[in-house]
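Heads up: the sequence shown at position 1 corresponds to 28 in our numbering, and the numbers run straight through without jumps.
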Amino acid sequence: MANGNFAAAADSLSALDSRFPFGPLSHQVQLDLVYSYYKSGKIDQTLATIDRFIRLNPNHADVDYAFYMRGLTNMEADNNLFQELVGIDTTDRDPSKSKQAFEDFRRLIQQYPDSKYAADARQRMVFIKNRLASYEISIARFYMRREAFIAAANRGRYVLEYYPDSDQVQQALEIMVSCYDQLELTELRDNAMKTLKLNFPDSEFIS
């Protein structure tokens, strides 16, 4: 892998793994194969190899690395869905791979809090939270355009409940204020406005 030809390395490692699946170097071969598949952009093969390693070696010293790579791979899968649409807003695409990546990183941190990969996993979880919150906001705006104000307000409330430390909280509150106003739900509107004023005093929604 030193020359960066990861596709060729993956082919060689795969052949070696098939020939000696339980040899003295089998664990390292499998982990190197995970990395080679990942760098080659072979997402399905990467995940399959990771899952096999975890299943066969649940107590291995490097199983934390396997969980970390699983998270990275699922993040990459999410990014690759629309990688050809550079510059186009894709926050409304299905976030299922991001959710899986979040779960992978959460499991890593929960089971291996002292892992050398834990700090990076935490940072990536913050990014994923913002990604998931952005998706909810995008769907809320979709509902607003169709005057489905109850559904839109519920999406905003979902962001407050599940992603309260994301960067989408202000937009969630603004959506709730707007929707409750349209629905003439005065008390709910005023409560949302109060929270908005308290946390985001510069919001354009505050008159």
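Here a beta-carbon is modelled for each residue, glycine too, at the ideal position from N, C-alpha and C.
Asp-141 sits in coil when the DSSP states are folded into three classes, being neither helix nor strand. Distance from the CA of Arg-149 to the CA of Lys-126, rounded to the nearest whole angstrom, comes to 14 Å.
Take Asp-91, set aside five residues on each side of it, and the residues of its chain with a beta-carbon closer than 7 Å to its own are Leu-135, Tyr-139, Ser-142, Tyr-144, in chain order.
Across the structure, Ala-160 and Val-204 are spaced so that their CA atoms are roughly 18 Å apart. In the three-state scheme derived from DSSP, where H, G and I count as helix and E and B as strand, Ile-233 is classed as coil.
Between Glu-211 and Met-171, the alpha-carbon positions lie close to 15 Å from each other. CA-CA distance, Arg-184 to Arg-173, rounds to 18 Å. In this structure, DSSP gives Phe-80 a helical state, which the three-state scheme calls helix. Looking from the CA of Ala-179, the closest CA among Tyr-207, Asp-229, Gly-98, Thr-73 belongs to Tyr-207. The continuous alpha helix (DSSP H) containing Asn-226 extends over residues 213-226. Between the beta-carbon of Gln-198 and that of Ile-164 there is about 5 Å, and that keeps the pair under the 8 Å contact cut. For Asp-59, the uninterrupted alpha helix (DSSP H) run begins and ends at 53-66, by DSSP.
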